[in-house]
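Using numbering that gives the first Met the number 0, read the sequence shown as starting at 0 and increasing by one per residue.
What follows is a set of notes on a single structure, which appears directly below.
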Amino acid sequence: MDTNVDTNTPVTVIGLGEMGTAIAEALIERGHRTTVWNRTASRTAPLVAIGAEAAPTAAAAVAASPLIVVCLLDGAAVDAVRGAIDADMRDKVVVNVTSGSPAAARRTAEWASAHGAKYVDGGIMGDVSRVGTPDVLFSFSGDRDGYEAHRPVLEGLGTIAYYGEDPGFAAVEFLAQVAVGYEFLLGLLHTFALVKAEGADVAAFADRVAGSIGGYVPLVKSFGAAVSTREYGPDLGPLSVQAALMDDLISHRESLDIDTVRMREVQRLMDRRIADGHGDQGFSSLFELLDDSRPHRRKGDDVIPFGPQLIGQTEKALNALLQTVLSGRDLTEREWVSLRLASQLDDGDDLDTFVAARLHDPDVGRLLASLRDRGLIAGSALSATGAALVAEIGREIADLTGPLWEGIDERETQAATRVLNHVLDEARMLLRASTA
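See the structure below:
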């Protein structure tokens, strides 16, 4: 980091939370004439005391400097400020370090360009107390001329990196780096839970893990190269060898009631890759399945509107996921539904009548007879073997489909539940009327 920067550049900082305040302090310390603005005006006082100028409005803050650093809570706060400064943006360079998505960065860049400004998006990784030192990494992308014009100023904030003219790339870098950390750390905590449940020393185990982490550096680089070229060597060892560990890894966790979602995902991907004839390749080759499974929806693609097509496509996709579980158990979907119905039957009720009323299948008798012959149903109830199988499949389905619901707001789930139940009730009424 170059601390001998041009201090003649006036800078405005909009947003004085912890990070925005630290940025303003670093700029003041380096001699920049720094104008600050915050919706809660009292937050400007400590900075004014060390040399900042407080602007009465966001528009006045923008007018004060050629370089505008925006550091707000979230995208909604950025959108709110944008409306107040539209008329004052011409010939400004906006550096927005508010956390947000790549799509949001690209939208803000379009807004800035439409108002005659250059836009640079940014992400910050590091402790707020270290802003102004090389310990904090600032990722930037967007207008190259705007970035280069004020690069000396930005270098005064920490270690900086530029990822290209696509304004979304800084957010890609930031979110991906954070995601790697969370994925690793959550897996680490689950493993700590396993070690603790076995009565072993968690702290000592953590020390040993810390000592081995350096070995992952060349592996990460080799994975990146393999994914880029789509040429997959055996890296951790052939999948056909690695797969032999998975049952033990999963059963060990299950025996201690430790989360198995990720381990089951690994096993499922390994099994698919081996079945496709790639058992000689390594762990990095699982990327091919991840890449193939993405919907690849891009800007401009049609979104299916709510209606029969969307409901039908969703049902087909969920049924396909169910089939991946049932195929390994030699069960058809109707057999699985029959077992589930058997698990819900009240004592004393007749299973054949109960299932026939719900499946509307003339071959229910043959279907249930087959399940009885396999020892999964005894009389009108699940056998012990059948109950264990239903529980095991239920857990695997929950592990497989759990990620589908992650990140969906509870209010949206409740609304979808009401709407789909209404559609289901109405459809059943229509069906009864049409067959009466």
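Idealized CB from N, CA, C, for every residue including glycine.
Own chain partners of residue i with C-beta closer than 6 Å, once the 5 adjacent residues on each side are dropped
i	result
F173	G122 and S138
A160	S138
A104	D120, P166, G167 and A170
A196	L255
T2	Reliability of the predicted coordinates at T2 is poor, the pLDDT of 41 falling under 50, and the value obtained from them is presented with this limitation in mind. Excluding sequence neighbours, T2 sits near nothing in its chain.
T33	V10, A23, L26, I27 and A51
A355	V363
W36	I13, A54, A57 and A60
G74	G99 and A103
A62	D87
G233	According to the sequence displayed, residue 233 carries Pro and not Gly. Once the five neighbours on either side are set aside, the close Cβ partners of P233 are G281.
A415	none
Residues bridged to residue i [DSSP beta-bridge criterion]
i	result
A377	A380
L255	Beta-bridge pairing links L255 to no other residue.
T11	T34 and I67
Y140	Looking at the sequence provided, one finds Ser at residue 140 rather than Tyr. According to DSSP, S140 bridges with D120.
Boundaries of the alpha helix (DSSP H) in which residue i is found, first to last residue
i	result
M18	E17 to E28
G82	G74 to I84
Y161	Element bounds for Y161: not the alpha helix (DSSP H) but the beta strand (DSSP E), T158 to Y161.
Y215	Y215 to T228
E405	That residue, E405, is in no alpha helix (DSSP H); it is neither H nor E in DSSP.
D351	L350 to L358
E332	E332 to Q343
D206	V201 to S211
D362	Here D362 belongs to no alpha helix (DSSP H), and DSSP marks it neither H nor E.
P151	R150 to E154
L238	L238 to Q241
Range covered by the beta strand (DSSP E) that runs through residue i
i	result
N95	V92 to N95
T190	Here T190 belongs to no beta strand (DSSP E); instead the alpha helix (DSSP H) covers F168 to A196.
Cut-off 7 Å between Cβ atoms - residues of its own chain near residue i, not counting five sequence neighbours on either side
i	result
V179	none
V4	Annotation note: pLDDT 44 at V4 (below 50); position unreliable, no value reported.
L72	G16
Y231	A225, Q280, G281, S283 and S284
R143	E164
H189	I257 and D258
D85	H114
E334	L366 and L370
V490	Beyond the ends of the chain as shown, which are 0 and 435, falls residue 490; an answer cannot be given.
R81	W110
E395	R263 and V324
Cut-off 8 Å between Cβ atoms - residues of its own chain near residue i, not counting five sequence neighbours on either side
i	result
L419	I310
H421	none
V162	Per the sequence shown, residue 162 should be read as Tyr rather than Val. Cβ neighbours of Y162 beyond the five flanking positions: S138, F139, S140, F168, A169, V171 and E172.
F191	V201, F204 and A205
I303	L309 and Q312
L288	L268, R271 and R272
A386	S342
E182	none
| Segment contact flag, the stretch 234-249 with the stretch 270-290, C-beta cutoff 8 Å, min 3 pairs | yes
| Three-pair Cβ contact test at 8 Å for the stretch 32-48 versus the stretch 92-102 | no
| query | Curious, which full-length alpha helix (DSSP H) runs of at least 4 residues does the stretch 270-330 contain? | reply | 286-292 and 307-325
| task | Say whether the stretch 35-43 touches the stretch 136-152, bearing in mind that this needs 3 or more beta-carbon pairs closer than 8 Å, one atom from each stretch. | result | no
| message | My parser needs the beta strand (DSSP E) runs of 3 or more residues fully inside the stretch 85-134; what are they? | response | 92-95 and 117-124
| field | Start-end ranges of the alpha helix (DSSP H) lying completely within the stretch 39-71, minimum 4 residues | value | 44-48 and 57-62
| Touch test, the stretch 124-132 against the stretch 10-30, Cβ-Cβ under 8 Å, three pairs minimum | yes
| message | Taking contact to mean 3 or more Cβ pairs, one atom from each stretch, closer than 8 Å, check whether the stretch 306-313 and the stretch 260-273 are in contact. | response | no
| said: Would the stretch 378-388 count as touching the stretch 326-344 if we require 3 or more Cβ pairs under 8 Å? | reply: yes
| Counting Cβ pairs, one atom from each stretch, are 3 or more of them under 8 Å apart for the stretch 312-325 and the stretch 249-265? | no
| Any 3 or more C-beta pairs closer than 8 Å across the stretch 109-118 and the stretch 84-95 | yes
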